[in-house]
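Take a look at the structure below.
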Ligand SMILES: C[S@@+](CC[C@H](N)C(=O)[O-])C[C@H]1O[C@@H](n2cnc3c(N)ncnc32)[C@H](O)[C@@H]1O
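Okay, here's the thing in structure tokens:
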């Protein structure tokens, strides 16, 4: 099996035009006519295709990187990776062990932040690729070895493989390496960070950990279990926009807040805030309450400003009945409708088709239980 770092592949790759799926056949037959072997052509075109896909994640840097399809998919986003590096830096760490560096996306951010890294990886092709991707950093060593063996560094970063042959691995003990094994190693160093699935079961979190949920543009990206950062707690990290800290044992269930009748405004917390259990804190800080028990839509009578909340001005409360809704939306001339829902079993796209929207105005329809029952709240984004 050829390594993607084979000089013949790299030379051919650097001479290829921009990758276009529809031109693959003609480009490869021309390259065969020029005397290149089918294996080298195929490997170079694969890298050209992966580089093009990788532009979404790595922008211009993708043009000099190598990938495997799985390695690209599993690679940390650069903004999340920069956050990982910043946490180590602010904890006073200057060198760390990385367990399972894949194609080296986290390693790159650590290196760019000036950290010395011993990055270990079990898959030989990923080791070759990571070495290529990190070649410009003399303070990074990429080794083909078990990342959990012989740890001498003061800090540890692990991003375990969370996909198996049949898809996502829900049980952290099936991750590669298993979570309990990483946690054991993590206890031997000063600071450690372990990337985890955002839906991780709170009850298995170490009580002394600081657990972060990262979001970007309203999308939940990942969770990280940090050990050695000081007082335990949960944090919602909106990348580039702010952090909400909820002190206490992260394995405890989140505090519940009594619901309240719908007021003039509805608020939707960022998903990282919801996972980090920050709702009670936002409610206390801004005099808000959920619109129904256990529903993560909040309400209040004044317009408040918070990075952690999307804001909606309530315009009408409608029954959740298709015909009545369709009639009301027609009367209000609403043609562009954003449909949101929580706690109700409705498929927004099916409802949208049934509403046969045709007007010139836009609105948001929020389907949710209220204290008065299931309703459709017509609102406007603020
Ligand atoms: C999710 S990927 C890491 C992605 C990486 N953080 C990035 O951003 O590119 C997990 C990697 O861990 C590797 N791995 C699993 N167990 C390992 C171990 N005990 N030692 C070293 N690497 C391991 C897998 O081969 C896989 O490439």
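Residue numbers (the UniProt record's numbering): 1 to 382.
The C-beta atom is built at its ideal place from N, Cα and C for all residues, glycine as well.
If you're wondering where the values come from, they're calculated on a predicted model, not measured in any experiment.
Please classify residue i: is it buried, with 16 or more other beta-carbons within 10 angstroms of its beta-carbon, or exposed?
i, result
"residue 358", "exposed"
"residue 65", "buried"
"residue 275", "buried"
"residue 303", "exposed"
"residue 71", "buried"
"residue 18", "exposed"
"residue 222", "buried"
"residue 281", "buried"
"residue 150", "exposed"
"residue 67", "buried"
"residue 25", "exposed"
May I ask you to report which of helix, strand or coil DSSP gives residue i?
i, result
"residue 247", "strand"
"residue 219", "strand"
"residue 71", "helix"
"residue 342", "coil"
"residue 156", "strand"
"residue 241", "coil"
"residue 139", "coil"
"residue 131", "helix"
"residue 97", "strand"
"residue 23", "helix"
Who are the Cβ neighbours of residue i in its own chain at under 7 Å, not counting the five residues just before and after it?
i, result
"residue 247", "231, 233"
"residue 131", "142"
"residue 270", "215, 218, 236, 238, 308"
"residue 293", "259"
"residue 249", "207, 232"
Excluding the five sequence neighbours on either side, which residues of its own chain have a C-beta within less than 8 Å of the C-beta of residue i, listed in chain order?
i, result
"residue 187", "227"
"residue 43", "2, 4, 6, 9"
"residue 346", "320, 367"
"residue 229", "87, 91, 191, 210"
"residue 283", "257, 289, 290, 298"
"residue 134", "104, 107, 108, 111, 119, 140, 142"
"residue 341", "348, 366, 367, 368"
"residue 360", "333, 335"
Can you list, in chain order, the residues of its chain whose CB lies under 6 Å from that of residue i, leaving out five sequence neighbours each side?
i, result
"residue 349", "none"
Note to self: Under 8 Å, with one C-beta from each stretch per pair, do the stretch 85–105 and the stretch 142–159 reach the 3-pair mark?
What the structure shows: A contact exists between the stretch 85–105 and the stretch 142–159.
Contact between the stretch 134–143 and the stretch 99–112 is defined here as three or more beta-carbon pairs at a separation below 8 Å; is this criterion met? In this structure the stretch 134–143 touches the stretch 99–112; the number of beta carbon pairs closer than 8 Å is three or more.
Meets three-Cβ-pair contact criterion under 8 Å: the stretch 163–182 and the stretch 27–45:
Inter-segment contact for the stretch 163–182 and the stretch 27–45 is absent: fewer than three beta-carbon pairs are separated by less than 8 Å.
Note to self: Count Cβ pairs between the stretch 49–57 and the stretch 185–199 that sit closer than 8 Å; are there 3 or more?
What the structure shows: Taking a cut-off of 8 Å for Cβ pairs, the stretch 49–57 and the stretch 185–199 do not touch, as fewer than three such pairs fall below it.
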